[in-house]
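Asks: Numbering (the numbering used here), first residue to last: 132 to 253. Using N, Cα and C, we set each Cβ at its ideal position, and we do this for glycine too. One structure is given below, represented as structure tokens, and several questions about it will come after.
And the structure:
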């Protein structure tokens, strides 16, 4: 990762409340572990009930978090835009994903692996 990419990662992390109070060394540590992922419109990012991979931060695009009812209908929980984080409940309580998230348009999100999110949180 070059210096520009590292700075961009740190700035994205600083925009999220979970990381806003971290010092530069901790931010750099988390930024170094973050994985940038691109999603096509309609692509599923994570599935409710599956093991938690980590905390996601939207860089660009538009995503939708839903729960699927027993009748198969979607209940929209949240619409996600740039700068918003999702999957925090699963990360910080060590439970499976609590929702299914999919991209409504071409999107980019950063994945901070659960182990790194938890270590930083303390």
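Below 8 Å on the Cβ atoms is my contact criterion, and I expect residue 196 with residue 211 to pass it. Report the Cβ-Cβ distance as a whole number of Å.
Replies: So it is a contact: roughly 6 Å between Cβ atoms.
Asks: Using CA atoms only, rank isn't needed, just tell me which of 235, 193, 200 and 218 is closest to residue 227.
Replies: For the residues 235, 193, 200 and 218, the minimum Cα distance to residue 227 belongs to 218.
Asks: Are residue 238 and residue 189 touching if we call contact CB-CB under 8 Å?
Replies: Cβ atoms of residue 238 and residue 189: closer than 8 Å.
Asks: Alpha carbon to alpha carbon, what distance is there between residue 154 and residue 208?
Replies: Distance between the alpha carbons of residue 208 and residue 154: 32 Å.
Asks: Can you have a look at residue 253 and say buried or exposed, based on whether 16 or more other CB atoms are within 10 angstroms of its CB?
Replies: Interpretation of residue 253 is limited by its pLDDT of 48, a score under 50 that renders its predicted location unreliable; the figure taken from the coordinates is listed afterwards. The residue is exposed, with fewer than 16 neighbouring Cβ atoms inside 10 Å.
Asks: What residue from 235, 201, 203 and 140 has the CA that sits closest to residue 167's CA?
Replies: Checked all of 235, 201, 203 and 140; the closest Cα to residue 167 is 140.
Asks: By Cβ distance, which residues of its chain are closer than 8 Å to residue 158, with the 5 residues on each side in sequence left out?
Replies: Counting only Cβ-Cβ distances below 8 Å, and skipping sequence neighbours, we find 141, 144, 145 and 150.
Asks: Given residue 234, which residues of its chain have a CB within under 7 Å of its CB, disregarding the five upstream and five downstream residues?
Replies: Result list for residue 234: 170, 171, 172, 173, 174, 176, 192 and 194, in chain order.
Asks: May I ask you to report which of helix, strand or coil DSSP gives residue 253?
Replies: Confidence in residue 253 is poor, its pLDDT being 48 and thus under 50, which makes the residue's placement unreliable; the coordinate value appears in the next sentence. Of the three classes helix, strand and coil, the one that applies to residue 253 here is coil, per DSSP.
Asks: Identify the continuous beta strand (DSSP E) that holds residue 177 and give its terminal residues.
Replies: Unbroken beta strand (DSSP E) run through residue 177: 175 to 177.
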